[in-house]
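**Q** Pasting a structure here, questions to come.
Listed below in structure tokens is the structure:
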């Protein structure tokens, strides 16, 4: 996960830096305002936060003239943007106009008393903090266009051309430098040498605290703690006020708090101090501080040029610093950025999404549901009586078959009794003969013969009793009211049947038992006494309740799966139930966490796979 996040952050930063480098290259090689218009507007919109669109107008006021540049380039230019840009170009002043769910800001490109164009940006916020910051950054960024206007119209002296070239050279060196540290040193050393400064230093914000990263002519400044503290306080003073501070202040300057600059001035006994906040998308990221010696000062053109350089160099240095950070640093910055977006202004959609996810997490953490064990089942009678052949014989008739309802005493099957009747007649005649011989022996007082014929008469009585019983069983009747669940002798009339053959199976209609096949992974969740609901495939609108009565400890394989059979008693049978119906049962196993219920099967499988691979 860390590697994926590292690649994502690195790719994003690299793409942003590469795009900025392309725009800077186009801007540096531009020879006219028209050529510089699009890259300048693209860089400006990228550096200011909450920008949806922007246009740049150049030349004299002509309502029909198209914009010299627009961002994004493929959009259809809004009439409101054009109108406000014309207002700013005509009045020569910055203009702010509230629109539906946003704000339009415009600023003229003005040199001396002549207006050469205007830029208008559309912001998706009405927060005045962002609007004022955007207006200040727009004002600073216009310095580039003013320099190009000077060069293009030859309004400045030769020094002005040199200043423009100098600014382009400095920005070019910053772009080409390898790493943030080298770029920062190149910037401060160029400023010191070109503007004859006493000192120049850079500081950047890190988690809200300002760290001075570069001081000109100082490879190591850890021992100069007092100087570093004073420089940091002066930079923070400019950052907190979102304004450029020029100390000592002129009478024409806007009143600004300069207590930290005054302390730095008195402690170092230096001359002019210039502090320029560095902004990225309207948010402060650091500051550039320049000090002159006591006998030197900064001309207004120099201040304007340094401010313009700082306005664009700040974003470049910020991107280089981001690219130079370690993986942990990038992750930390990304986390802090997401945190700031969550607790700060804007990003309503993201906040709602996070709140929704948090609500879902809380819901699934505490929400309970009824855990039900699902199992296929078949309905059977509570008892099932088998009707078997009582003796070897031939089937005479059978008026019922499987599916017929019978009442107690109804004939199920009749066997041919001719042989039994003849055999009974034979034994009756033999008994008569034995009685005759017995009486004769008794009259002759032959004790031995009397005993013999007594035994034979007893044997005949036993045979007759056995034959009478067999004759009674030649007709099998229903032992109780019920349903014939198996057996059909309609095609076997006259055929022989051997003793013990199962002819019919009968189940009662008042009481049923249910046999369920529970998967082995859920058998531990089933206990005797648990309740459930069963729904048959033939009666999907008539569910009935059952209670678990027995859990068999022996498993068997069904359709490639290992199951355990459990038995249950139907507690409220409906009249239309029949033995043999199949369906699906759900056994109530108590309250469980909803997320656990939904992911139980997947979790068990993953645990088994993990154990088989890593254990």
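In our numbering, the protein residues as written are 19 to 633. All C-beta atoms in this analysis are idealised placements derived from N, C-alpha and C, irrespective of residue type, glycine included.
Whose C-alpha, out of 501, 550 and 507, is nearest the C-alpha of residue 638?
**A** The question about residue 638 has no answer here: the residues shown for the chain are numbered 19 through 633.
**Q** Please return the same chain residues whose Cβ sits closer than 6 Å to the Cβ of residue 19, not counting the five positions on each side in sequence.
**A** Taking the chain shown and counting its residues from 1, the one referred to as residue 19 is at position 1. With a pLDDT of only 41 at residue 19, under the threshold of 50, the placement of this residue in the model should not be trusted; the figure read from the coordinates follows. Closer than 6 Å at Cβ, skipping near neighbours: no residue.
**Q** Classify residue 340 as buried or exposed, calling it buried when 16 or more other Cβ atoms lie within 10 Å of its own Cβ.
**A** In the chain shown, the residue the question calls residue 340 occupies position 322. Residue 340 is buried by the Cβ-count criterion.
**Q** Residue 478: which of 310, 103 and 449 sits nearest, CA to CA?
**A** Residue 478 sits at position 460 when you count from the first residue of the chain shown. Comparing Cα-Cα distances from residue 478 to each of 310, 103 and 449, the minimum goes to 449.
**Q** Which word fits residue 57, buried or exposed, when buried means at least 16 other C-beta atoms lie within 10 angstroms of its C-beta?
**A** The sequence position of residue 57 within the chain shown is 39, counting from 1. Result: buried.
**Q** With distances taken between CB atoms, is the gap from residue 112 to residue 338 smaller than 8 Å?
**A** Along the chain shown, one-based indexing puts residue 112 at 94. Along the chain shown, one-based indexing puts residue 338 at 320. Not closer than 8 Å, so no.
**Q** For the candidate residues 611, 443, 526 and 119, whose alpha-carbon lies nearest to that of residue 635?
**A** In the structure as shown, the chain begins at 19 and stops at 633. Residue 635 is therefore absent and cannot be evaluated.
**Q** Whole angstroms are fine: how far does the CA of residue 535 sit from the CA of residue 576?
**A** Within the chain shown, numbered from 1, the residue matching residue 576 stands at position 558. Within the chain shown, numbered from 1, the residue matching residue 535 stands at position 517. Using only the alpha carbons, I get a separation of about 9 Å.
**Q** Just checking my contact of residue 332 with residue 303 at CB under 8 Å: how many whole Å lie between their CB atoms?
**A** Taking the chain shown and counting its residues from 1, the one referred to as residue 332 is at position 314. Taking the chain shown and counting its residues from 1, the one referred to as residue 303 is at position 285. Indeed, because the Cβ distance is near 6 Å, the residues count as touching under 8 Å.
**Q** Exposed or buried, residue 616, counting other C-beta atoms within 10 Å across all chains shown (16 or more means buried)?
**A** As a working mapping, residue 616 is identified with position 598 in the chain shown. By the neighbour-count rule (16 or more Cβ atoms within 10 Å), residue 616 is not buried but exposed.
**Q** Can you grab the Cα-Cα spacing for the pair residue 122 / residue 375, in whole Å?
**A** By 1-based counting over the chain shown, the position of residue 122 is 104. By 1-based counting over the chain shown, the position of residue 375 is 357. One C-alpha to the other measures close to 35 Å.
**Q** Distance, Cα to Cα, residue 629 vs residue 622?
**A** Residue mapping note: residue 629 aligns to position 611 of the chain shown, counting from 1. Residue mapping note: residue 622 aligns to position 604 of the chain shown, counting from 1. Looking at the two C-alpha atoms, the distance is approximately 11 Å.
**Q** Taking DSSP as the reference, what is the three-state secondary structure of residue 63?
**A** On the chain shown, position 45 is the one that residue 63 refers to. Of the three classes helix, strand and coil, the one that applies to residue 63 here is helix, per DSSP.
**Q** So, are the CB atoms of residue 253 and residue 305 less than 8 Å apart?
**A** Mapped onto the chain shown, residue 253 falls at position 235. Mapped onto the chain shown, residue 305 falls at position 287. Cβ atoms of residue 253 and residue 305: closer than 8 Å.
**Q** With 16 other CB atoms within 10 Å as the buried threshold, where does residue 29 fall?
**A** Taking the first residue of the chain shown as 1, we reach residue 29 at position 11. In this predicted model, residue 29 has a pLDDT of only 45, less than 50, meaning its place in the structure is not dependable enough to derive any value.
**Q** Measuring alpha carbon to alpha carbon, tell me which of 141, 218, 324 and 109 ends up nearest residue 64.
**A** Reading the chain shown from its first residue, position 46 is the one you call residue 64. Of the listed residues, the one whose Cα sits closest to residue 64 is 141.
**Q** Can you say whether residue 255 is buried or exposed, counting buried as having 16 or more other CB atoms within 10 angstroms of its CB?
**A** Sequence index remark: in the chain shown, residue 255 carries index 237 (1-based). Its Cβ being crowded by 16 or more others within 10 Å, residue 255 is buried.
**Q** Spatial neighbours of residue 541 within its chain, please: CB distance less than 7 Å, with the 5 preceding and 5 following residues excluded, ordered by chain position.
**A** Numbered from its first residue, the chain shown carries residue 541 at position 523. 582, listed in sequence order.
**Q** In chain order, what residues of the same chain have a beta carbon less than 8 Å from the beta carbon of residue 46, not counting five sequence neighbours either side?
**A** In the chain shown, counting from the first residue as 1, residue 46 sits at position 28. Contacts found: 186, 189 and 190.
**Q** In terms of residue numbering, what span does the beta strand (DSSP E) encompassing residue 502 cover?
**A** The sequence position of residue 502 within the chain shown is 484, counting from 1. Where residue 502 is concerned, the enclosing beta strand (DSSP E) stretches over 500-504.
**Q** Residue 351 to residue 390, Cα distance in whole Å?
**A** Looking up residue 351 in the chain shown gives position 333. Looking up residue 390 in the chain shown gives position 372. Those two C-alpha atoms are separated by around 47 Å.
**Q** Would you report the Cα separation of residue 519 and residue 415, rounded to the nearest angstrom?
**A** Here residue 519 is taken as the residue at index 501 of the chain shown, counted from 1. Here residue 415 is taken as the residue at index 397 of the chain shown, counted from 1. Going from the Cα of residue 519 to the Cα of residue 415 covers about 16 Å.
**Q** Kindly list the residues whose CB is nearer than 8 Å to the CB of residue 600, restricted to its own chain and excluding five residues on each side of it in sequence; keep chain order.
**A** Within the chain shown, residue 600 is the residue found at index 582, counting from 1. Here the set comprises 394, 395, 396, 397, 554 and 555.
**Q** Quick check for students: name the residue ranges of the beta strand (DSSP E) that lie wholly in the stretch 82-126, counting only runs of 3 or more.
**A** The beta strand (DSSP E) runs of length 3 or more contained entirely in the stretch 82-126 are, from start to end of the chain, 87-89 and 113-117.
**Q** Name the two residues that bound the continuous alpha helix (DSSP H) containing residue 396.
**A** Your numbering for residue 396 matches position 378 in the chain shown. Residue 396 -> not in any alpha helix (DSSP H); beta strand (DSSP E) instead, spanning 386-399.
**Q** Considering only the alpha carbon of each residue, which of 234, 532 and 258 lies closest to residue 17?
**A** Nothing can be reported for residue 17, as the shown portion of the chain is limited to 19 through 633.
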